[in-house]
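One structure below.
Protein chains: 2
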Amino acid sequence: MPALLYDGSQNQTFRSQCSIARALEIVGDKWTLLVVRDLMWHGKHTFKTLQESEEHMPSNTLAERLQRLTSWGLVQRRLYQENPARYEYHLTEEGRSFEPVLLGIMRWGHENLEGGLFDPKNRQASSGQTL
Amino acid sequence: MPALLYDGSQNQTFRSQCSIARALEIVGDKWTLLVVRDLMWHGKHTFKTLQESEEHMPSNTLAERLQRLTSWGLVQRRLYQENPARYEYHLTEEGRSFEPVLLGIMRWGHENLEGGLFDPKNRQASSGQTL
DNA sequence: TTAGTTACTTTAATTTTGCAAGTCACTTAT
DNA sequence: ATAAGTGACTTGCAAAATTAAAGTAACTAA
């Protein structure tokens with residue numbers, strides 16, 4: 001299990017040895033984990049569908065986050081159609097390994113902030129509503 | 132299990148129903164979870180000791196984050212000494228319930244970013260080194 | 001030719017961060 | 001009776017990040 005390589009050219013220097021601090025340098029903001037959520041559970045793999053998510057992330061922010069996730073190896077960008085060129089984003093194994101964290105955050109937000117629950121097994125909200 | 136009340140006066144309006152999006156409005160940044168980490172595991176309960184953590188969070192940012200965590204009910208501020216007034220910050224039950232998420236992030240950062248591991252049971256790094 | 005689609009990029013205005021220094025209310029040392 | 005800490009913040013300002021809105025590029029379809 002090799003550590004992720006940061007493909008943003010130079011070796012990234014972390015601000016500390018702490019695993020949490022390091023992880024937050026990648027996913028520590030208001031948007032990144034929503035992109036991971038959509039790629040992981042909601043079948044949103046194109047720039048457009050990601051942009052259309054409920055929270056309406058600004059397009060330049062989305063572009064920057066996808067670039068960041070890609071350069072850290074959590075996401076892979078694939079050309080799925082030429083003429084016109086169209087791209088899809090997919091989580092890598094490293095990206096998918098973030099699922100338990102996402103589930104934990106979801107649970108916490110559900111219990112403490114009255115947020116919705118989503119059941120990855122059934123790809124729908126626990127209420128039964130398809131998302 | 133009542134939802135957290137936002138004690139920053141007006142009812143907070145969330146950007147979406149999603150539990151993850153909601154949680155990120157509270158903890159979605161580079162610093163907040165480090166404060167939670169220190170309160171949860173490292174016995175750091177004063178402004179000063181929190182400030183001295185490895186990552187050296189700016190003092191105004193620390194003050195703002197503590198205020199935010201307090202107003203969301205994840206943290207409680209206690210006067211532990213008068214003359215001169217000295218305060219301690221402690222996690223509430225809601226704050227402590229974030230522990231599984233923190234553990235998940237730590238594990239992810241350890242496996243993917245070569246970050247350290249910390250064993251809450253023994254209050255020390257898995258290497259044996261006391262933190 | 002004109003309109004539409006997807007995937008971004010650019011621009012300019014805000015907002016948030018980060019750093020350094022300063023304030024306040026005491027206590028302790030000289 | 002000053003003078004020098006200490007802890008807990010606050011303030012000022014420059015720099016960086018975020019946002020909304022509009023624009024561009026490369027096609028396809030009508």
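Line by line, the protein sequences are chains A and B.
The first sequence: position 49 = 49 (the working numbering), numbered continuously.
Just so we're on the same page, the working numbering is the position in the second sequence counted from 1, plus 131.
By construction, the Cβ of each residue, glycine as well, lies at the ideal position given by its N, Cα and C atoms.
With 16 as the cutoff for other CB atoms within 10 Å, does residue i come out buried or exposed?
{"i": "A:S9", "result": "Confidence at A:S9 is low in this model, with a pLDDT of 49, below 50, so its placement is unreliable and no value can be given for it."}
{"i": "A:S87", "result": "The sequence shown places Tyr at residue 87 of chain A, not Ser. A:Y87 is exposed by the Cβ-count criterion."}
{"i": "A:G43", "result": "exposed"}
{"i": "A:R65", "result": "buried"}
{"i": "A:R22", "result": "buried"}
{"i": "B:P251", "result": "exposed"}
{"i": "B:I187", "result": "Just to set this straight, residue 187 of chain B is His in the shown sequence, not Ile. So B:H187 ends up on the exposed side."}
{"i": "A:R123", "result": "exposed"}
When the Cα atoms are used, what is the spatial distance from residue i to residue j?
{"i": "B:V206", "j": "B:V166", "result": "10 Å"}
{"i": "B:L234", "j": "B:E213", "result": "36 Å"}
{"i": "B:M132", "j": "A:L113", "result": "Because B:M132 sits at a pLDDT of 47, beneath the cut-off of 50, its placement in the model cannot be relied upon, and the following sentence gives the value as read from the coordinates. Straight-line Cα distance between these residues: approximately 11 Å."}
{"i": "A:A85", "j": "A:R77", "result": "12 Å"}
{"i": "A:R96", "j": "B:M237", "result": "16 Å"}
{"i": "B:S210", "j": "B:E224", "result": "Note on identity: in this sequence residue 210 of chain B is Leu, with Ser being the wrong assignment. B:L210 and B:E224: Cα-Cα distance of roughly 19 Å."}
{"i": "B:T201", "j": "B:D169", "result": "15 Å"}
{"i": "A:L62", "j": "A:Y89", "result": "12 Å"}
{"i": "B:W239", "j": "A:S19", "result": "8 Å"}
{"i": "A:E54", "j": "B:T144", "result": "14 Å"}
Terminal residues of the continuous beta strand (DSSP E) containing residue i?
{"i": "B:H241", "result": "From DSSP, B:H241 is part of no beta strand (DSSP E) but of the alpha helix (DSSP H) over 230-244."}
{"i": "B:Q207", "result": "206-212"}
May I ask you to report which of helix, strand or coil DSSP gives residue i?
{"i": "B:D160", "result": "coil"}
{"i": "A:L117", "result": "coil"}
{"i": "B:W217", "result": "Note on residue identity: the sequence assigns Arg, not Trp, to residue 217 of chain B. B:R217: strand per DSSP, three-state reduction."}
{"i": "B:Q148", "result": "coil"}
How is the alpha helix (DSSP H) around residue i delimited, first residue to last?
{"i": "B:K179", "result": "178-182"}
{"i": "B:R254", "result": "Premise fails: B:R254 is in no alpha helix (DSSP H) and is neither H nor E."}
{"i": "B:S202", "result": "190-202"}
query = When Cβ atoms are compared, which residues of the segment 175-198 of chain B fall closer than 9 Å to chain A?
reply = S184, E185, E186, H187
key: chain A contacts from the segment 153-165 of chain B (Cβ-Cβ distance under 9 Å)   = R153, A154, L155, E156, I157, V158, G159, D160, K161, W162, T163, L164, L165
task = For the segment 196-228 of chain B, enumerate the residues whose C-beta is nearer than 8 Å to any C-beta of chain A, in chain order.
result = E225, S228
key: Where the segment 113-124 of chain A meets chain B: residues whose CB sits under 9 Å from a CB there   = L113, E114, G115, G116, L117, F118
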